[in-house]
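Residue numbers (our numbering): 2 to 568. Notes follow the structure.
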């Protein structure tokens with residue numbers, strides 16, 4: 002339990018903010034709901050499901066990018082920051098969506114992609130005309146007369162080469178991601194001011210928050226020194242938290258953020274606790290919430306993961322942020338597999354129980370819960386077995402790379418069935434009609450065949466469904482301030498099967514028990530925890546677990562939250 006806090010520290014961490022108390026629901030627009038039959042989700046589709054969103058009890062929606070884009074990386078390559086992607090609709094549709102959300106007391110968070118633009122952005126079109134063009138310096142270039150550029154690794158390039166030659170300007174441009182995603186030059190004050198004006202454009206429309214995509218990469222070491230061999234295996238240490246990042250963020254905060262009551266989320270949040278605090282601690286005047294990836298790096302192997310690693314990662318971040326700063330809590334997003342397939346057990350026998358357990362973990366941690374659309378149904382990985390079914394540039398180019406290197410393609414495909422981002426981007430499963438009710442046309446990516454049993458329509462009528470459980474625990478969290486601001490204390494961290502922790506404040510004490518295994522567990526609760534008058538408040542099984550003194554029998558993937566006697 003967090004002890005020894007000063008009164009000032011307690012007051013700081015528990016100072017009420019709407020974004021601390023919100024449950025954030027992430028929508029991948031392309032895959033949520035199609036309104037016009039072209040097979041692509043759109044803004045009108047989301048508008049048609051606003052009452053569904055309201056029924057979930059969520060407080061905010063985070064939309065993946067909806068700006069104009071040629072879709073090389075599904076919207077993370079923006080060609081116009083002030084207009085809506087034609088496939089998604091119009092600015093009128095956006096205004097209607099924002100109004101409809103606000104009418105239902107749901108806030109809207111937009112995804113800001115500021116490390117790079119599309120190569121089809123007008124800035125880059127101008128930049129390629131000549132070296133003297135005023136927009137040339139909006140990007141990073143290496144003139145050919147200096148010889149070959151210092152090697153830089155690209156995440157999405159077929160050859161992992163982050164420099165692309167441009168014959169017109171006789172120079173190379175930098176792209177940490179796809180060749181169609183040239184990196185913006187934040188060293189240029191004119192560029193920064195253009196971006197700040199663009200952010201104000203959306204904030205003045207009334208949006209409630211900004212999620213800063215890949216922002217830790219924006220500051221580059223422009224001396225372009227050579228990195229040691231193999232640096233790409235620990236690339237965040239070389240690409241992240243560049244020399245001027247904090248200067249840019251403080252400037253952005255002063256010029257933009259400080260003028261609005263908004264949530265600002267730091268994706269990645271550096272590679273260390275110190276990095277994260279430097280980005281989001283209140284006295285830094287930069288961003289206000291850390292969205293770190295350490296937990297997401299656990300379990301990226303089809304062979305599975307160790308619960309002890311997951312617990313220690315949660316514990317490490319929670320302990321560090323006990324008195325200062327604020328965290329996002331999540332197990333899934335658009336860049337990773339479905340959470341039940343990665344951290345739970347997506348077999349028919351355990352899919353529902355393990356999905357509910359993972360939801361319980363997210364909703365009982367201190368921090369702001371971020372929840373990916375479809376996880377409230379227990380949607381699982383689709384596990385494509387043909388490369389032709391994939392749509393994600395990361396998987397497609399990695400496959401081309403594997404072919405070039407003559408790697409074992411059977412092993413490659415088996416790995417992608419587990420880790421590919423497309424697993425989490427399949428259409429939302431609304432009902433058991435054609436295409437899961439997502440579209441009357443042919444979906445841009447295939448629908449998971451399990452939609453006939455795993456869908457919102459069926460689950461809304463089932464009192465024991467994953468969806469019903471999600472609504473119940475969201476309501477429980479919102480009615481329980483202890484879960485938002487209370488202290489956290491983990492027990493028995495070396496236990497390979499059970500995650501046990503308490504959440505306490507002056508008024509209430511809660512015990513959370515999570516059996517991360519497909520077997521029954523007879524678990525002994527630490528004697529320091531008084532369970533004499535323990536009463537289950539949340540349970541993902543219909544029957545309460547049998548308990549004798551501090552011994553409890555947990556069913557496979559059982560999650561129980563007990564209210565404890567404070568005395």
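No residue lacks a Cβ here, since even glycine has one placed at the ideal position from N, Cα and C.
Extent of the continuous beta strand (DSSP E) to which residue i belongs
i: residue 83; result: 81 to 85
i: residue 522; result: 522 to 525
i: residue 265; result: 264 to 269
i: residue 288; result: Careful: residue 288 lies outside any beta strand (DSSP E) and carries neither H nor E.
i: residue 564; result: 560 to 564
i: residue 373; result: 369 to 373
Delimiting residues of the alpha helix (DSSP H) encompassing residue i
i: residue 420; result: 410 to 420
i: residue 534; result: Looking at the DSSP string, residue 534 is not in any alpha helix (DSSP H), and its letter there is neither H nor E.
i: residue 15; result: Counting along the chain, residue 15 falls outside any alpha helix (DSSP H), and DSSP gives it neither H nor E.
i: residue 61; result: Here residue 61 belongs to no alpha helix (DSSP H); instead the beta strand (DSSP E) covers 61 to 64.
i: residue 1; result: Shown here, the chain extends from 2 to 568; a query on residue 1 therefore has no answer.
i: residue 53; result: 51 to 57
i: residue 240; result: 237 to 240
i: residue 232; result: Here residue 232 belongs to no alpha helix (DSSP H), and DSSP marks it neither H nor E.
Same chain, Cβ closer than 7 Å to residue i, neighbours up to 5 away in sequence not counted
i: residue 143; result: 150, 164, 172 and 173
i: residue 41; result: 31, 35, 88 and 445
i: residue 468; result: 377, 378, 457, 460 and 461
i: residue 196; result: 115
i: residue 359; result: 332, 340, 341, 344 and 345
i: residue 455; result: 378, 379, 380 and 430
i: residue 90; result: 43, 44 and 45
Cβ-based burial, residue i [other Cβ within 10 Å; buried from 16]
i: residue 410; result: exposed
i: residue 558; result: buried
i: residue 46; result: buried
i: residue 92; result: exposed
i: residue 352; result: buried
i: residue 478; result: buried
i: residue 569; result: Outside the shown range of the chain, which is 2 to 568, sits residue 569, and nothing can be said about it.
i: residue 194; result: exposed
i: residue 52; result: exposed
i: residue 308; result: buried
i: residue 549; result: exposed
i: residue 269; result: buried
i: residue 105; result: exposed
i: residue 125; result: buried
i: residue 622; result: Within the shown structure, residues of the chain are numbered from 2 to 568, placing residue 622 beyond reach of any answer.
i: residue 248; result: exposed
i: residue 449; result: buried
i: residue 404; result: exposed
Which of helix, strand or coil DSSP assigns to residue i
i: residue 25; result: strand
i: residue 113; result: strand
i: residue 182; result: coil
i: residue 513; result: strand
i: residue 439; result: coil
i: residue 224; result: coil
i: residue 73; result: coil
i: residue 44; result: helix
i: residue 10; result: Reliability of the predicted coordinates at residue 10 is poor, the pLDDT of 48 falling under 50, and the value obtained from them is presented with this limitation in mind. Helix at residue 10.
i: residue 494; result: coil
i: residue 542; result: coil
i: residue 502; result: strand
i: residue 554; result: strand
i: residue 68; result: strand
i: residue 548; result: strand
i: residue 391; result: coil
i: residue 167; result: strand
i: residue 259; result: helix
i: residue 172; result: strand
i: residue 177; result: coil
i: residue 108; result: strand
Residues near residue i in its chain [Cβ-Cβ closer than 8 Å; skip 5 each side]
i: residue 396; result: 388, 417, 421, 422 and 423
i: residue 556; result: 354, 516, 521, 542 and 546
i: residue 361; result: 474, 513, 515, 539, 541, 560 and 562
i: residue 110; result: 25, 61, 62, 63, 64, 208, 209, 210, 211, 212, 264 and 266
i: residue 290; result: 20, 264, 265, 266, 267, 281, 327, 328, 329 and 369
Neighbourhood of residue i by C-beta, 6 Å cutoff - its chain only, sequence neighbours within 5 removed
i: residue 565; result: 510, 512 and 535
i: residue 637; result: Nothing about residue 637 can be reported from this structure: the residues present for the chain run from 2 to 568 only.
i: residue 381; result: 339, 341, 342 and 347
i: residue 260; result: none
i: residue 240; result: 218
i: residue 55; result: 105
Query raised in the report: Enumerated in chain order, which unbroken segments of the beta strand (DSSP E) with a length of 3 residues or greater are wholly contained in the stretch 267 to 355?
Result: Annotation note: the stretch 267 to 355 contains the following uninterrupted beta strand (DSSP E) runs of length 3 or greater, listed N- to C-terminal: 290 to 293.
Report task. Pick out the complete beta strand (DSSP E) segments inside the stretch 187 to 216, 3 residues or longer, and give them in chain order. Result -> Runs found: 210 to 214.
Report task. Could you tell me which uninterrupted alpha helix (DSSP H) segments, each at least 4 residues in length, are contained entirely in the stretch 118 to 150, listed from first to last along the chain? Result -> For the stretch 118 to 150, the continuous alpha helix (DSSP H) assignments of 4+ residues that do not extend past its boundaries occur at 123 to 128, in sequence order.
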